[in-house]
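Participant: So in the working numbering, the last spot in the sequence shown is 267, and the numbers never skip. Quick one: structure below, then a few questions.
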Amino acid sequence: MALASRDVKLRYRQTALGVAWVVLQPLIAAAIFAFVFGHVAKLKSAGAPYFAFAFAGMLAWTAFNNTLTKVSGSLVQNSHLVSKIFFPRLVLPISMLLSSVIDFAVSLVVMVILMVIYGIAPHLQILLTPVWFLLILLLSLGVGLIASALMVPYRDVQYIIPVATQFLLYASPVAYALASVPARWQSLYGLNPLVGLLEGFRWSLLGTAAPAWREVLYAAAFSLVMFVLGAYYFKHMERRFADVI
């Protein structure tokens with residue numbers, strides 16, 4: 023808990039806007055996406071106001087991206103602890119989750135305000151919102167654990183992750199709906215587990231089209247398997263961290 027609290031404090035220390043950055047980043051991104059995809063490209067937003075649609079997508083994406091980024095760098099950033107003190111190394115990546123939960127909670131308040139402004143009435147499926155968030159955390163944590171273990175001997179990973187996530191941002195239905203993807207490509211596109219998670223998350227909040235259950239089951243199974251694989255690989259490599267880092 024002490025490590026988690028330290029991570030939250032360090033993140034916003036000596037920043038003029040502090041925790042406001044949690045809200046400003048997805049708001050600015052949502053505004054850009056709403057203009058480019060909604061106004062210029064004229065893509066449909068499944069019946070929801072495009073700004074609220076894009077912000078909901080960014081809310082889920084930011085939870086995934088921030089968790090992956092922080093977890094993947096947790097060992098290298100705390101190398102002084104890893105090399106000098108004996109403790110379960112899994113504590114470090116797990117401690118990163120608190121700030122992700124706090125960021126999500128703050129941004130979710132803004133999402134609720136947007137729903138009120140646009141007159142979007144909540145439906146019963148809004149109760150599933152924590153489930154989507156949990157699956158997103160499991161997916162990002164699983165990938166992050168593998169990346170953090172690889173980053174100890176191969177520092178190149180820290181440069182690969184930003185490029186990979188930037189590509190994944192546009193290869194996922196964050197700023198546009200799944201329906202915008204040509205039908206002939208949707209099966210291949212659906213191999214991305216974030217497709218089912220993002221569509222389900224937006225469905226819960228905005229009442230957009232419900233995701234296909236096969237996509238939901240695939241995304242849930244993929245997230246759980248990735249978490250298990252990530253934890254296993256991390257524990258398998260753990261004994262080498264102190265010697266290599």
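Glycine included, C-beta positions come from ideal geometry on N, C-alpha and C.
(1) Taking DSSP as the reference, what is the three-state secondary structure of residue 70?
(2) Tell me whether the segment 69–89 and the segment 188–201 touch, counting them as touching only if at least three CB pairs, one residue from each stretch, are closer than 8 Å.
(3) May I ask you to report which of helix, strand or coil DSSP gives residue 177?
(4) What are the start and end residues of the alpha helix (DSSP H) that includes residue 234?
(5) Tell me whether residue 105 sits in a helix, a strand or coil according to DSSP, three-state version.
(6) Would residue 241 and residue 216 qualify as a contact pair, given that the criterion is a beta-carbon distance under 9 Å?
(7) Pull up the distance between the alpha-carbon of residue 192 and that of residue 122, whole angstroms please.
(8) Closer than 8 Å by C-beta to residue 38: which residues in its own chain qualify, once you throw out the five before and the five after it? Chain order, please.
(9) Reducing DSSP to helix, strand and coil, say where residue 88 ends up.
(10) Are the CB atoms of residue 167 and residue 252 within a distance shorter than 9 Å?
(11) What residues in its chain sit with their C-beta under 6 Å from that of residue 86, if we drop five residues either side in the sequence?
(12) At a threshold of 8 Å, does residue 167 count as lining the ligand SAH (C-beta to nearest heavy atom)?
(13) Could you give the distance in angstroms between the alpha-carbon of residue 67 and the alpha-carbon of residue 202?
(14) Roughly how many whole angstroms lie between the Cα atoms of residue 26 and residue 237?
(15) Considering only residues of the same chain and omitting the five flanking positions on each side of residue 230, which have a CB-CB separation below 6 Å?
(16) Measure how close the beta-carbons of residue 173 and residue 179 come, nearest whole angstrom, since I'm counting them as under 8 Å.
(17) For residue 185, count the other beta carbons within 10 Å of its own beta carbon; 16 or more makes it buried, fewer makes it exposed. Which is it?
(18) Tell me, to the nearest whole angstrom, how far the beta carbon of residue 132 is from that of residue 45; I am working on the premise that it is less than 8 Å.
(19) First and last residue of the alpha helix (DSSP H) that includes residue 126?
(20) Under a three-way DSSP split, which group does residue 61 fall into?
(21) Using CA coordinates, which residue listed in 235, 151, 182 and 100 is at the minimum distance from residue 127?
(22) Exposed or buried, which one is residue 154 when buried takes at least 16 other CB atoms within 10 Å?
(23) Run through DSSP, which three-state label would residue 209 get?
(24) Please classify residue 181: is it buried, with 16 or more other beta-carbons within 10 angstroms of its beta-carbon, or exposed?
(25) Do residue 49 and residue 137 have their beta-carbon atoms positioned less than 9 Å apart in this structure?
(26) Give the straight-line distance between the Cα atoms of residue 106 and residue 261, rounded to the nearest whole angstrom.
Facilitator: On the basis of the coordinates in this document:
(1) Residue state for residue 70 is assigned as coil, using DSSP reduced to three classes.
(2) Three or more beta-carbon pairs separated by less than 8 Å link the segment 69–89 to the segment 188–201, which places the two stretches in contact.
(3) DSSP, read as helix, strand or coil, puts residue 177 in coil.
(4) That residue, residue 234, is in no alpha helix (DSSP H); it is neither H nor E in DSSP.
(5) Residue state for residue 105 is assigned as helix, using DSSP reduced to three classes.
(6) Cβ atoms of residue 241 and residue 216: closer than 9 Å.
(7) Each residue's CA atom was taken as its position, placing residue 192 and residue 122 some 22 Å apart.
(8) With a pLDDT of only 48 at residue 38, under 50, the local geometry of the prediction cannot be trusted, and the value read off the model is given with reservation. Excluding sequence positions up to five before and after residue 38, its CB lies less than 8 Å from no other CB in the same chain.
(9) Looking at residue 88 - three-state DSSP - the assignment turns out to be helix.
(10) In this structure, residue 252 lies near residue 167, with their beta-carbon atoms less than 9 Å apart.
(11) Correct list, in chain order: 158 and 162.
(12) The ligand SAH is absent from the structure shown, which contains no ligand whatsoever.
(13) Rounded to the nearest angstrom, the two C-alpha atoms are 9 Å apart.
(14) In this prediction, residue 26 scores a pLDDT of 47, lower than 50, which makes its location untrustworthy; no coordinate-derived value is stated.
(15) Non-local beta-carbon contacts of residue 230 in its own chain, meaning distances under 6 Å to residues more than five positions away in sequence, involve 68, 70 and 224 in chain order.
(16) Their Cβ separation, rounded to whole angstroms, is 4 Å, which keeps residue 173 and residue 179 in contact under 8 Å.
(17) It is exposed - the Cβ of residue 185 has fewer than 16 other Cβ atoms within 10 Å.
(18) Rounded, the Cβ-Cβ distance is 5 Å, consistent with contact.
(19) Annotation for residue 126: the continuous alpha helix (DSSP H) segment containing it runs 119–139.
(20) Reduced to three states, the DSSP call for residue 61 is helix.
(21) Shortest Cα-Cα distance from residue 127 to any of 235, 151, 182 and 100 involves 151.
(22) Buried, because 16 or more other Cβ atoms sit within 10 Å of the Cβ of residue 154.
(23) Residue 209 falls in the helix class under three-state DSSP.
(24) So residue 181 counts as exposed.
(25) No, the Cβ-Cβ distance between residue 137 and residue 49 is not below 9 Å.
(26) One alpha carbon belongs to residue 106, the other to residue 261, and they sit about 13 Å apart.
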